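Here the protein sequences line up with chains B and U, keeping their order. Heads up, the first sequence is in my numbering, so the first residue is 1 and it goes up one at a time. Heads up, the second sequence is in my numbering, so the first residue is 1 and it goes up one at a time. Quick reminder that beta carbons are idealized off the backbone N, C-alpha and C, glycines included. Predicted model only: the values in this text are computed from it and were never measured.
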Amino acid sequence: MTNKKATKALPPHPMEALLRSERLPHIWCAGCGIGTVFSSVIAAVQKSGYDPDKTAVVSGIGCTARMAGYIRLDSFHTTHGRAIAFATGLKLARPEIKVLVVSGDGDLLAIGGNHFIHAARRNIDITVICVNNLNYGMTGGQLAPSTPFGAKTTSSVSGCPEEPFNFCYLASACGSVYVARWTTLHTRRITNSITEAMQKRGFTFVEILTPCPTSFGRRNKMGTALDTLKFYHERSVILNDIDPRDAPVDFGSKIVVGKFVDKERPTFIDNYQLVCKTDIGDWPDFDGTAVSGSQATR
Amino acid sequence: MNGDYACCEGALSAGCRFFAGYPITPATEVAERMSRRLPALGGIYIQMEDELGSMAAVLGASWGGVKSMTSTSGPGFSLMMENIGLGICTETPCVVCNVQRAGPSTGLPTLVGQGDMMQARWGSHGHYEIIALAPSSPQEMFDFTIRAFNLSEKYRIPVIILADEVVGHMTERVMIPPEKEIKLVERRKPKVPPGDYLPYHPDPDWVAPMANCGDGYRIHVTGLTHDERGYPGMDEQTQAQMVNRLIQKIVSNADDIIRTENIYMDDAEVVVVAYGISARSAKQAVREARAGGLRAGLIKLETVWPFPEKLIRDVAARVRAFIMPEINAGQMVLELQRCAGGACPVQLISHFGGSIIHPRTILDAIENAAASKGYVKNKDVEARQAFRRSYRRRQ
């Protein structure tokens, strides 16, 4: 009872307008970086200037995916790996709605990898925010496609035998128009990056390295969440505009962060309209005036 | 027009403006025609990377407020099960057309089967009720697709069209009625302002009004067990409430959902219960049996799920035998047996797939059932009825 009274006496949460505060407390562990990313997402939505009634969040399954349940926007907590596919349907059906996908590395790039690469290829106009905590946190810390070689997880007790993905390189190779990587230490940069990504047209990707003290940190001698942040602070190097293939996440030497890709490319809907207005019979154009970016955006 | 095209035209007439699919024999023609027809109507056709994505995109589009569908066949249907479950749990209206081929696995890609009947019912995990329709001609592909959209919008559920390869590829005349003659049902909108809206608070018919994404209601939609607010609730009470509603909205509205075509059923003694392409063989067999003086009848299941339990129970009490032809090793026949409850024998005509069941096979079964002890041929019955009528008149 006393607790309840105490809660009532608290001033409203500063992000109340975009927070389902009746759902608090959240499920995330102490020291988890998802809360930081969540705040940045809310701040970015506010900063981007989009009408919150016309902004939607789609997530899959996992710790990060629970974000959809705490944000006061139209929010969809879908099936494991299918957030991007769901968002594709939503965006194409209602192009005026700004669609954000927030999910973990396992959800987006292991089970959902196929949807990720194809949405990037098609340049579906969505912003994908990937919280990379290097393992499957919700199920207790199994190895993920992001787990560094040799790292200990509950399903690789002698060390992860696989080499991890460089997600930013993958996104860029698949045609993503905006690719950035940060750690939870770079709070302002995350907010700015997500805002920038939201304001772009096309498939945009922001990866955020996040401590997972409960499942990953404690098995890999990373100490507390604060120790992990210190580690990020020491090791991370900001290198903007470099080719993401040269920006691996290497815990042994340095963690390269920054904005790697920022370009323009016609989106799926641009091209769909372009092609469908043209006689289908004339396509593909073999006379040398193939469908180009500038034509497609008109 | 072939059945697959008719399905596409039915969907467009029903107002479908979003199609996400993946090519698969024998359902590809639905997607192909959609790709040609949708852009001109301002709709979106997208060929997804797989059926998992197709089904997810269909759900996403539906929450965007656009009527959406996909089409597939066995292997793709298996992949869609995950998100069909999400559609059921989140009560998302959409239509899935499964043009069945023979399985299991890759099976006979180009040949007919009816083996997905049970998968349609409980193929996704957890307990739920589903609506599935079984067309037996291109005309029915058109009509049932419209009905599928209407049911899905009315009851907020993915509706499955269980067609088969023969119906999908068969070319027949299809009558497309004028637009104004087609009755369409749209999803119920919330009547309260955003602050008071409970996304899963049902009306008396167990169906909750649905706010679309972008309507300003800022809904939360989750595949987790959720309460009336749509928020996760990890306890058995919330689970019971949610699952009960999902079941009740179908079960308590079964009379509205279930449709059967009953042929020669007034005085039938041997009744064939059939669906899809097998119902056409059955119709022919029943006609021939009648011509031969046998009192045969046909119950053609237009709605296969929910199963017409009441009808079968009533009929079982007054007929001599049920016969069910299906192109599988016996799936719907289990339901028929259950509903007949031992009141009359139930015979299965099973065919493993690859071709349809010949009417002759069904006719043989009708004749065998009729030849069993105590059966009265039509002539005798007519004589007996004539006697009764004259007796009543005298009184």
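Test item: CB-CB of residue i and residue j under 8 Å
| i | j | result |
| --- | --- | --- |
| U:Met48 | U:Gly21 | yes |
| B:Tyr178 | B:Val256 | no |
| B:Gly33 | B:Thr184 | yes |
| U:Ile146 | U:Val96 | no |
| U:Pro93 | U:Ser137 | no |
| B:Val37 | B:Thr210 | yes |
| B:Thr153 | B:Met198 | no |
| B:Gly69 | U:Pro232 | yes |
| U:Glu153 | U:Arg187 | yes |
| U:Gly74 | U:Pro158 | no |
| U:Ala120 | U:Leu111 | no |
| U:Ile323 | U:Ile366 | yes |
| B:His115 | U:Gly223 | no |
| B:Ile84 | B:Leu18 | no |
| U:Phe18 | B:Gly89 | yes |
| U:Leu298 | U:Val272 | yes |
| U:Glu51 | U:Leu79 | yes |
| B:Ser48 | B:Met15 | no |
| U:Ala291 | U:Leu363 | no |
| U:Ile131 | U:Leu162 | no |
Residues near residue i by beta carbon distance below 7 Å, same chain, minus five either side
| i | result |
| --- | --- |
| U:Arg173 | none |
| U:Arg320 | Glu269, Val270, Cys344, Ala369 and Tyr375 |
| B:Ala43 | Thr191 |
| U:Phe77 | Asn98, Asp116 and Gln119 |
| U:Leu198 | Glu228 and Arg229 |
| U:Val30 | Asp4, Cys7, Cys8, Ser71 and Cys97 |
| U:Arg245 | Pro202 and Trp206 |
| U:Ser252 | Trp206 |
Straight-line gap, residue i to residue j (C-alpha atoms, nearest Å)
| i | j | result |
| --- | --- | --- |
| U:Asp4 | U:Met141 | 7 Å |
| U:Asp164 | U:Tyr264 | 26 Å |
| U:Ala329 | U:His351 | 6 Å |
| B:Cys63 | U:Gln337 | 47 Å |
| B:Glu96 | B:Lys54 | 7 Å |
| U:Ile24 | U:Ile46 | 15 Å |
| U:Ile327 | U:Ala254 | 26 Å |
| U:Ala274 | U:Val166 | 15 Å |
| U:Ala56 | B:Arg82 | 6 Å |
| U:Lys67 | U:Gly15 | 6 Å |
| U:Glu91 | U:Pro209 | 10 Å |
| B:Ser172 | B:Lys263 | 10 Å |
| U:Gln201 | U:Asp256 | The residue asked about is misnamed: residue 201 of chain U is His in this sequence, not Gln. Their Cα atoms are separated by approximately 21 Å. |
| U:Glu335 | U:Thr106 | 26 Å |
| B:Ile129 | B:Val45 | 13 Å |
| B:Ile194 | B:Ala56 | 14 Å |
| U:Gln100 | U:Gly113 | 6 Å |
| B:Leu134 | B:Lys200 | 28 Å |
| U:Glu411 | B:Lys91 | With chain U covering 1 to 395 only, the question about residue 411 of chain U has no answer from this structure. |
| B:Gly106 | B:Thr139 | 11 Å |
Continuous alpha helix (DSSP H) stretch holding residue i: start and end
| i | result |
| --- | --- |
| U:Pro75 | Gly74 to Cys89 |
| U:Gln237 | Glu236 to Val251 |
| U:Tyr5 | Gly3 to Ser13 |
| B:Lys263 | Where B:Lys263 is concerned, there is no enclosing alpha helix (DSSP H), given that its DSSP letter is neither H nor E. |
| U:Glu288 | Gly276 to Ala291 |
| B:Ala120 | Gly113 to Arg122 |
| U:Met141 | Pro138 to Tyr155 |
| B:Val45 | Ile34 to Ser48 |
| U:Leu334 | Met332 to Ala340 |
| B:Tyr232 | Ala225 to Arg235 |
Nonlocal neighbours in the same chain, by C-beta distance under 6 Å from residue i, ignoring five residues either side
| i | result |
| --- | --- |
| B:Ser292 | Here the model assigns B:Ser292 a pLDDT of 40, short of 50, so the residue's position is not dependable and the matter cannot be decided. |
| B:Trp182 | Arg189, Ile190, Ile208 and Val257 |
| B:Ala87 | Val58, Val99, Val101 and Ile126 |
| B:Tyr169 | Pro244 and Arg245 |
| B:Pro145 | Leu109, Ala110 and Phe165 |
| U:Thr238 | Thr225 and Asp227 |
| U:Gly53 | none |
| U:Leu348 | Met324, Gly330 and Val333 |
Boundaries of the beta strand (DSSP E) in which residue i is found, first to last residue
| i | result |
| --- | --- |
| U:Gln347 | Val346 to Ser350 |
| U:Glu367 | That residue, U:Glu367, is in no beta strand (DSSP E); its alpha helix (DSSP H) goes Pro359 to Ala371. |
| B:Glu207 | Thr204 to Leu209 |
Residue i beta carbon near the ligand FAD (any heavy atom closer than 7 Å)
| i | result |
| --- | --- |
| B:Phe167 | In the structure on display, the ligand FAD does not appear, and there are no ligands present to speak of. |
Own chain, CB closer than 8 Å to residue i, minus 5 neighbours either side, in chain order
| i | result |
| --- | --- |
| U:Ile176 | Glu9, Ser13 and Phe142 |
| U:Lys191 | Pro209 |
Quick check on the DSSP output: what are the complete alpha helix (DSSP H) runs of length 4 or more inside the segment 159-184 of chain B, in order along the chain? Under the rule that a run must span 4 or more residues, the alpha helix (DSSP H) segments found entirely inside the segment 159-184 of chain B read 167-173.
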